[in-house]
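Heads up, the sequence shown is in the working numbering, so the first residue is 1 and it goes up one at a time. We put the beta carbon where it would ideally sit given N, CA and C, even for glycine.
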Amino acid sequence: MKRRYLFAGLVVSAFFVVGAKTPTLKDTPIGENFHAPPGVSAPIEPLLLYQASQDEKCRHWVDSVYKRMSLKEKVGQLFIYTIAPVQTKRNMQLLRDAVHTYKVGGLLFSGGKIQNQATLTNEAQRMARCPLLITFDGEWGLSMRLRGTPVFPRNMVLGCIQDNRLIYEYGREMARQCRELGVQVNFAPVADVNINPDNPVINTRSFGEDPMQVADKVIAYASGLESGKVLSVCKHFPGHGDTDVDSHKALPVLPFTRERLDSVELYPFKEAIRAGVSGMMVGHLQVPVIEPIGGLPSSLSRNVVYGLLTEELAFKGLIFTDALAMKGVSGNQSVCLQALKAGNDMVLAPRRLKEEIDAVLAAVEKGELPEEEIDAKCRKILTYKYILGLKDKPFVRLSGLGSRINTPQTRDLIRRLNLAAITVLNNKGGVLPLHPDLKEVAILNVGDGGKTEPFDREIKKYIPFTRFQLRKDLPEVEQQKLRDSLAAYRRVIVTVTEQRLAPYQSFFARFVPEAPAIYVFYTPAKSMLQIQRAVSAAEAVVLAHAPHDDVQERVADILFGKATADGRLSASVGGLFSAGSGVTITPHTPFHFVPEEYGLKSEVLSRIDSIALEGIKEGAYPGCQILVMKDGKTLYDRCFGHHTDKHSEKVKPTDLYDLASLSKTTGTLLAVMKLYDKGCFNLTDKVSDYLPFLRKTNKENLTIRELLLHQSGLPSGLVFYQEAIDKKSYKGSLFKQSKDALHTVRLGARTWGNPRFRFNKGMAAETKSGDCILQVCDSLWLNQSFREEMQRKIAEVPLKDKNYRYSDIGFILLQMLAEELSGKPLDEYLWQEFYKPMGLERTAYLPLRYFEKKEIVPSAVDRFLRKTTLQGFVHDESAAFQGGISGNAGLFSTAREVGKVYQMLLNGGELDGRRYLSKETCALFTTDKSKISRRGLGFDKPDVVNESKSPCAVSAPASVYGHTGFTGTCAWVDPDNGLVYVFLSNRTYPDAWVNILSKMAIREKIQETIYEAMK
C-alpha cells in the first residue's frame, strides 16, 4: 500500500522519497512515491514542532515571552476571537477589547474584502503585546471568505486528480497567499470522508469517499501548506463525512462501531498524524462508542480530544475547536472552559469573551483546571508562533496586495488543477478518442447556448459538425423532431452546462440514439442523476466539473485523443458511477470504431470474447491480446486473462509478449525488405556473396530467395546449445523418449531431458564477466565466441533436398545478411528505420533493457536448459544463445504495435503519412508465392490446396499473408478486405510442449469469426 509521509521527530527530520534524493522542506512535494522507512511508526512529532525543538533561539524566545505573562494573559493565548473585517467604530472597539484587554492568542476574520482584512490585521498586530496568530478558514482558497481573490476548485473536484504533486503545489500556493495577507494558520484541509451523498454540510468540501484517497490528498495539501510556513489544520475530527445533520444547526451523531470509525472516519486523521501534520480541529459531533454521555459534543469530550486524539493517536500538535458559537455546541455552559478541559489547545471563542475567559480563570483558581495544563498549552502556542514567523510582529504591505495575491502563476495553477480533474467516467467500446475522419457529427447543447462557444471552436479544428440547442420545456412534438434529426448522425455529443435538468427530463427519457452518444458535463457530477437513464445508456461520459474556457478546449482535445485525461471519480454518483470510476485517454490511446460503419457486425465480432475465454478455461494459454483492424481502423482490441494464473497480473494492452517466429516478419523481414528497397541485393544473389563463412561449403550457392521461401535445403533447426554443454558432465544421453531417474524434465510429447549437466569451462558464467557477455537469462551469461560456434555448425550441417522445409536457420542467415549490408546490429537497424519513426515504444529485442519485468508476460518455465521462468528473455533457444537477438525470434511487442507494422505493409509501405517501404517492394514480398508450397517471400500464407494444414481460417482468401509464432502468436493481413488480425498469447507457459492452442484452433476460430462478421 502506497502512503505519503511528512515525517518529523527525533528519528526522521525530512520527507522521504523512494528513488530520489531527500528534498528540503522548501521544495518537498508529496507524490506517488512517498513511503515510510522500515521501522518507523507513530507517534510522529509534527515537523514544525520538531524544527522548533532543534532551535535554541526558539526556546529562548518562548521562555522570555512566557515569563512576562500573567495567568490571565496565558489564558488569553488559548482563545481565537472571530471578528468582521470592517472598520466601524463598534468593530474597532471589539478588536481593542479582544487584543488589548483580553490579550487573545489569535484572530479569525469573517468574510469581507481583502484590503479591509489586511488593514485590521496590521492594526491588531500593533495593539498586541504578543504577536497574534491570524487564522483563516480557506478550504478552497481565500475566495471562501474574501471577495475578489482567486477561486480554486472545491475539494471534491480536486479529489479526481491523480497527480498529488498538484495538490501539494496548491497547498504551497495557499501558504504564499496566506503569508501575503498576514495569515499563519489555515483551517484546512477537510479530512472528512464524505460517503453520505445527503450530507448537508461537508459534501463538496471533502476530497471524496475513499478513505485512502482522502488521506493522500489531505497529506499532500497539508505538507504543501506547512512547507510554506503556514499551519495546516485537519478537520473535523473524528469525522463529519457520514452525517445528515449540519453541526452549525444541531448536533450530528456518529452511530458507528469503533471498527467502522477506524477504517473510515478516523483513517485520514490517523494518516495525517503519522505524516507529521501540525494542526487538528475537533468537530461538534456525538460519538457514542467513544463518549457515552449522551448529547456531549466531541469538541467537549475528554474521551475524544484527550483520550483518543492526544493519547491513543499520539497527536502532539495544536488542537483547535470548531467554532463554539455553532448550534451543535453553543447550548453548553462555559463552553470554552469545557473545551479546554477536554484537551483542546485553542478555542474558537463565541462573542461573550469576558465571560468565557473569567470562567477559565475561576476554574484554575478552584483547581478544576490545573494551571500546569494552561502553562503547557500556552508554551505550545508560543512555540508555534515562533516557528510560523511571529517572533517579530509581521505587517501586511497594503500597496499592490491584490496583484500579489492574484498572480499569473496562481491563475495557471488553477487552470492546471481544473484540467487535471477532468474525468472520462466510461468509454464503452472504446468510442473515444474520436477519429478526425469522422463525418456526420451532431452537438446537442443543454443550457445557455453561448457558454460552450470555446468547446465548439476547438471541435471545429478537428471535424465539421451540426449544432442543436435543446430548449427548456420543449413540446413533445418538437422533442420528437429533434430526436429524429439527431438520428441521422453517426456521433452525438451532448454538452451540459445547466445544473437544473428537470425541464429537459422528458426529452432525455426517450433519447436513446442508435449512434454512439457522448455526454460532457460542465457541471457538478450529481447533476447527471436528473437524466440518469440517458446517461447510463451513453457510450462515453466526460465529467469536466465547470464550463471554464480552458476546460472546454481541453475536453475537445481529449475527445480527439490530443490531450490526456486520467481523472478518477472522487465520490459515487448514485448508481451510475462508483468512486474510482474513470478511463485514461492519452494521445497514445488507439482509435476504436463502430464495426457496422466498416461492414462488420458488432454482435458477431463480440463472439471472439467467448472463444478467447474458452481457451483460458481449457488451459490453452493464461492470457492473450487480440486486435482486429479494418481499413486502418481498430474495430476490436481486447485483453483476456492473466500473465500466469488468476492470482498474477491481469493482461493489459501495454504488456509485452514474446513474438517467437512472428519476429521473422515483424523484424528480420522488414530489414531485408528495406535493404532490397535500397538496391543492396537481388533475390537471386547467393547468400555466400555477403557471408564469407558459407563460401566453399555446400551452402555456397544458396540464394536469398530460397531462404525466404524456405526452399534452401537447410534443416528446420539446430540444437546449438548442445555445443556449449560439457558432454562429460552428465550420465547417459542428454535426451530420451521416456522418463526415467535421469531424464526427469519433459520437453515434448515423447522427449525427456536430463537437466543435470554443466556447460563447458569458460563458455558460461552466472554473472557477466570476461568474455561471457551474451545474456541468456537472469543467471546465465554466454561466451561471445559461441556465435562462431553457431556459424561453424551452420556451415557444416548437411543440406537436404530443396523442397519446402520450414527453417529457422534460413532466417538466422537472413539476419546475418541484413547486419552485413546495413553495417548495424539487427535491433539497431530496425529501431532506426521502422520502430522509432513509427512511434513503436513497446517493441524491442532484449526488452529488459527498457522495461520492468512486470510489464513483460512470462513465456515459459524452462526446467531443463535455463532452469528458470523466462520473463523478458526470449524463449527460443537458438535466439537465446545469440544473446537474445536473432533472425528467427527474439522480438517482444504488443498486439497494438504489431498491428501498426502490418497496417504499414497493408498500406503499401506507408503509415501516418510517412513512407517506410516502396509500394513495389511491398507488392513483391506480399504477393509473390512459391510454386511448390503455400509460402511467400518470408511470409506465410493460407494453404488453399490442403485446408487442414492451413494456418488460417477456411474463409481467408489466398491473398492473405502473415506469420505465426511458437509461443502462441500470429498476425495476418487480408489485402482483399483491408483486414489486419493480431493474436498474442503465452501458450507455452508453463510448459512449452503442451499445445492446446493448436488443438483447439483458437487463432483460426477467431479469424473465421472476423469473416463471419463481414457476411
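Between the Cα of E368 and those of R165, D771, S334, spot the shortest distance and give me the residue it belongs to. Residue S334 holds the alpha-carbon nearest to the alpha-carbon of E368 among R165, D771, S334.
For a test of the three-state rule: what should DSSP assign to K949, helix, strand or coil? helix
Under DSSP, the alpha helix (DSSP H) around H60 begins and ends at which residues? 56 to 67
Find the nearest neighbour of G141 within the set F577, V945, T410, V874, judged by alpha-carbon distance. Comparing Cα-Cα distances from G141 to each of F577, V945, T410, V874, the minimum goes to T410.
Close-in-space but distant-in-sequence residues of the same chain around I273 (CB under 6 Å, 5 per side omitted): Non-local beta-carbon contacts of I273 in its own chain, meaning distances under 6 Å to residues more than five positions away in sequence, involve L313, F315 in chain order.
Taking just the CA atoms, how far does G171 sit from E45? 21 Å
Tell me whether Y676 sits in a helix, a strand or coil according to DSSP, three-state version. helix
Quick one: what's C893 bridged to in DSSP? One point to set straight first is that residue 893 is Ser, not Cys, in the sequence displayed. Note: S893 sits in a beta bridge opposite Y657.
When you compare each of P858, Y519, P595 to L656 by their alpha carbons, which one comes out closest? Nearest option by C-alpha distance: P858.
Bridge partner(s) assigned by DSSP for V446: Answer is L470, V496, bridged to V446.
If you compare alpha carbons, which of L605, R165, K646, G890 is closest to G1020? Nothing can be reported for residue 1020: it is not among the residues displayed for the chain, which extend from 1 to 1015.
Quick one: which unbroken beta strand (DSSP E) runs of 3-plus residues sit fully inside the segment 145 to 232? Chain order, please. Secondary structure remark: continuous beta strand (DSSP E) runs of at least 3 residues inside the segment 145 to 232: none found.
So what does DSSP say about E539, is it helix, strand or coil? coil
Taking the alpha carbon of T82 as the reference point, which residue from D137, Y489, A220 has its own alpha carbon closest? D137
Do L714 and H799 count as a contact pair if the criterion is CB distance below 8 Å? The sequence given here places Leu at residue 799; His does not occur at that position. Going by C-beta atoms, L799 is nearer than 8 Å to L714.
Nonlocal neighbours in the same chain, by C-beta distance under 7 Å from N332, ignoring five residues either side: L300, Q338
Would you say N164 and K217 are within 8 Å of each other, going by their C-beta atoms? yes
DSSP has Y50 in a bridge; who is on the other side? Its beta-bridge partners do not exist; DSSP assigns none.
According to DSSP, is G936 helix, strand or coil? strand
Quick one: what's Y845 bridged to in DSSP? L891
Let me know if S110 comes out buried or exposed under the rule of 16 or more other beta-carbons within 10 Å of its beta-carbon. exposed
Less than 8 Å between the CB atoms is what I'm expecting for Y721 and R756, so what's the real figure, rounded? Between R756 and Y721 the Cβ distance is about 15 Å, and since that is not below 8 Å, they are no contact.
At 4 residues or longer, what runs of the alpha helix (DSSP H) sit wholly inside the segment 308 to 391? 335 to 342, 353 to 366, 371 to 387
Minimum length 3: unbroken beta strand (DSSP E) runs contained in the segment 673 to 758: Counting only runs of 3 or more, we get 745 to 748, 751 to 753.
Distance, Cα to Cα, H35 vs S223? At H35, the pLDDT of 34 sits below 50, so the modelled position is not reliable; the number obtained from the coordinates is stated separately. Roughly 14 Å between the two C-alpha positions.
Proximity winner among M1014, V861, I932, relative to W993 (alpha-carbon distances): V861
Counting pairs of Cβ atoms below 8 Å between the segment 105 to 125 and the segment 141 to 151, do you hit three or more? The segment 105 to 125 vs the segment 141 to 151: in contact.
Taking a contact to mean a Cβ-Cβ separation below 8 Å, would you say T644 touches D778 in this structure? no
DSSP beta-bridge partners of W972: Secondary-structure assignment with DSSP links W972 through a beta bridge to G962, Y981.
Following the continuous beta strand (DSSP E) through P521, name the residue where it begins and the one where it ends. The amino acid occupying residue 521 in the given sequence is Phe; Pro does not appear at that position. Annotation: the continuous beta strand (DSSP E) that includes F521 extends over 517 to 521.
Residues bridged to D862 by DSSP? Bridge partners of D862 according to DSSP: T868.
Please report how far the alpha carbon of I1010 lies from the alpha carbon of M174, in whole angstroms. 57 Å
Alpha carbon of R379 to alpha carbon of G575, nearest angstrom: 51 Å
Taking all protein chains shown into account, decide if V954 is buried (16 or more other Cβ within 10 angstroms of its Cβ) or exposed. Residue burial is scored here from C-beta neighbours: V954 has fewer than 16 other C-beta atoms within 10 angstroms and is therefore classed as exposed.
Report back the beta-carbon spacing between V424 and V542 to the nearest angstrom; my notes put them in contact at under 8 Å. 5 Å
So which of K949, Q162, I812, A52 has the shortest CA-CA distance to L417? Q162
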